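**Q** Residue numbering for the sequence shown follows the working numbering, beginning at 164 and increasing consecutively.
Heads up, the beta-carbon is just placed ideally off N, CA and C, and yes, glycines get one too.
All figures in this text were calculated on a predicted structure; none of them were measured in a lab.
Would you mind keeping the following structure in view while I ask a few things?
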Amino acid sequence: MEQKHNGIIFTAIPDESNEYYQPFYEDLIYFNECLNEKKSIADQLISLSVEEQDFHTSCFEYDDIWLRDVAPVVTNHLVKFKYRPNYLPDDQGRYLDQQFNKWLKKNDFEYVKSPLILDGGNLIWNKKDTVILTERIFDDNDDWTEEEIIEQLEWDLEVSRVIIIPAEEGDVLAHADGMVKFIDEHTMFISDFLGDHEFRYSVQEIIQEQMPEAEFIVVPSSYTEKGQYDQEIASAKGLYINMLESCDALYVPKFGLAKDEEVLRYIQQYTEKQVIQIHVGEISTMGGAMNCLTWYCPSHLLPSKMRRLKNQNEDFSMKKIFDWF
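The structure is reproduced here in structure tokens:
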């Protein structure tokens with residue numbers, strides 16, 4: 164039977180000498196090993212790394228782990244926003260953005276460039292005509308009016324509905340991927356927000372004002388700030404909604420918490436896709452989980468040389484293929 168390949172999951176591993184990430188280097192290797200071992204047969208894994216690993220790598224120096232935020236947003240096409248996170252020094256954000264742009268160019272990715280500043284983790288798409296973002300988009304682009312920002316998003320993303328929801332109080336990142344996750348055109352997972360029903364209801368009401376057909380499935384959380392690594396950025400440990408979706412799989416974070424298996428079974432009830440747990444326990448204390456750590460590019464949006472070579476990988480290992488780039 165012919166093997167079907169639906170896309171590539173990209174991750175990044177900073178150099179082992181990186182002082183900020185050095186305490187988690189072995190955890191990052193383990194995360195990638197687990198993802199490589201457990202991934203759907205339809206998915207490939209490629210990690211940006213300057214060192215060879217036991218999983219497939221693309222030899223490139225990218226000194227950060229949060230690929231989701233710097234990578235192009237995926238709708239019916241790729242859209243590359245400016246990466247200028249307010250939680251990083253401006254020169255560091257610019258450097259990471261420039262580095263990732265070099266990698267995109269090196270590998271012939273085709274994408275639309277947006278003049279707006281946006282972290283990729285702050286945009287959720289329903290695979291048709293609607294995106295959801297937090298109001299952080301307004302703060303990051305305060306030289307634009309709100310109307311101009313929404314019109315630009317509609318133009319760049321080719322969508323007809325841009326829904327803006329409030330960020331959680333005290334959340335430095337203010338990313339929508341820690342709050343909601345579409346599972347079909349009209350239905351979405353929504354965080355229980357640690358039992359803050361009033362806030363959850365207000366988010367649901369704002370969404371339904373523009374999307375009356377929206378339906379919500381509340382995903383339990385088991386948040387703990389114990390072991391939080393960065394004084395400024397809240398831990399993401401216990402935030403199960405930060406999951407990665409590929410064409411036929413949902414990758415759900417496993418934190419090493421008592422609720423892990425219960426939440427896994429709960430999520431399995433609401434999707435026909437394969438649900439795969441990936442351990443992110445220690446890494447999540449830095450402020451992100453499955454979606455934050457990865458960038459998934461579906462096959463039809465990959466550069467032609469990646470698609471062509473990926474289809475030939477029955478005879479060649481992907482590790483060898485990506486050594487060519």
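Taking glutamate 298 as the reference, which of Asp334, His219, Glu273 has the closest Cα?
**A** When only C-alpha atoms are compared, the closest one is Asp334.
**Q** Based on DSSP bridge pairs, tell me the residues matched to glutamate 408.
**A** Leu413
**Q** Please report the residue range of the beta strand (DSSP E) in which glutamine 207 lies.
**A** 206 to 212
**Q** Is DSSP giving asparagine 181 helix, strand or coil here?
**A** Here asparagine 181 carries a coil assignment [DSSP, helix/strand/coil].
**Q** Quick one: residues in its chain with C-beta nearer than 8 Å to the C-beta of arginine 363, no 5 flanking neighbours on either side, listed in chain order?
**A** Ile353, Ser354, Asp355, Phe356, Val381
**Q** Alpha carbon to alpha carbon, how far is aspartate 305 from arginine 428?
**A** 42 Å
**Q** Put valine 343 into one of helix, strand or coil per three-state DSSP.
**A** Strand.
**Q** Counting pairs of Cβ atoms below 8 Å between the segment 438 to 449 and the segment 184 to 194, do you hit three or more?
**A** yes
**Q** Assuming the contact rule is C-beta atoms closer than 8 Å, alanine 452 and alanine 399 should be a hit. Round their C-beta distance to whole Å, please.
**A** 5 Å
**Q** Check whether the Cβ atoms of proline 248 and aspartate 232 lie closer than 8 Å to each other.
**A** yes
**Q** Whole angstroms is fine: what's the gap from aspartate 217's alpha carbon to asparagine 199's?
**A** 9 Å
**Q** Please classify isoleucine 204: is it buried, with 16 or more other beta-carbons within 10 angstroms of its beta-carbon, or exposed?
**A** exposed
**Q** The beta strand (DSSP E) that contains serine 365, what's its start and end?
**A** It is not in any beta strand (DSSP E) - serine 365 instead sits in the alpha helix (DSSP H) that spans 360 to 373.
**Q** Per DSSP, which residues does lysine 389 bridge with? Please list them.
**A** Paired residue(s): none; lysine 389 is not in a bridge.
**Q** Within 10 Å of its beta-carbon, does histidine 463 have 16 or more other beta-carbons around it, so buried, or fewer, so exposed?
**A** exposed
**Q** Run the CB neighbour count on histidine 360, radius 10 Å, all protein chains shown included, and call it buried at 16 or more, exposed below.
**A** exposed
**Q** Using the DSSP secondary-structure output, state which residues sit across from glutamate 215 in a beta bridge.
**A** None, per the DSSP bridge assignment.
**Q** Using 8 Å as the cut-off, can you tell me whether the segment 316 to 326 makes contact with the segment 259 to 273, which would need three or more C-beta pairs spanning the two stretches below that distance?
**A** no
**Q** Starting from the Cα of glutamine 259, find the closest Cα among Asn239, Ala234, Phe345, Glu408 and give me that residue.
**A** Looking at the sequence provided, one finds leucine at residue 259 rather than glutamine. Of Asn239, Ala234, Phe345, Glu408, the residue nearest in Cα terms is Ala234.
**Q** Take aspartate 347 as the anchor and find which of Lys243, Ser210, Gly450, Thr434 has the nearest alpha-carbon.
**A** Thr434
**Q** Can you check which of these residues, Ile369, Glu376, Val415, is closest to glycine 341 by C-alpha distance?
**A** Val415
**Q** Distance check for tyrosine 225 and methionine 481, CA to CA, integer angstroms please.
**A** Its pLDDT being 48, under 50, methionine 481 is placed unreliably in this model, and the coordinates cannot settle the point.
**Q** Can you have a look at lysine 468 and say buried or exposed, based on whether 16 or more other CB atoms are within 10 angstroms of its CB?
**A** exposed
**Q** According to DSSP, is lysine 400 part of a helix, a strand, or is it coil?
**A** coil
**Q** Shorter than 7 Å, the distance from the beta carbon of leucine 320 to the closest heavy atom of the ligand SAM, or not?
**A** Among the components modelled here there is no ligand, and therefore nothing to report on the ligand SAM.
**Q** Glutamate 331 to isoleucine 404, Cα distance in whole Å?
**A** 14 Å
**Q** Going by C-alpha distance, which of Thr448, Gln185, Pro383 is nearest glutamate 425?
**A** Pro383
**Q** So what does DSSP say about lysine 269, is it helix, strand or coil?
**A** The three-state reading of DSSP puts lysine 269 in helix, counting H, G and I together.
**Q** Figure out for me which residue from Asn181, Glu182, Leu208 has the closest Cα to the Cα of phenylalanine 194.
**A** Leu208
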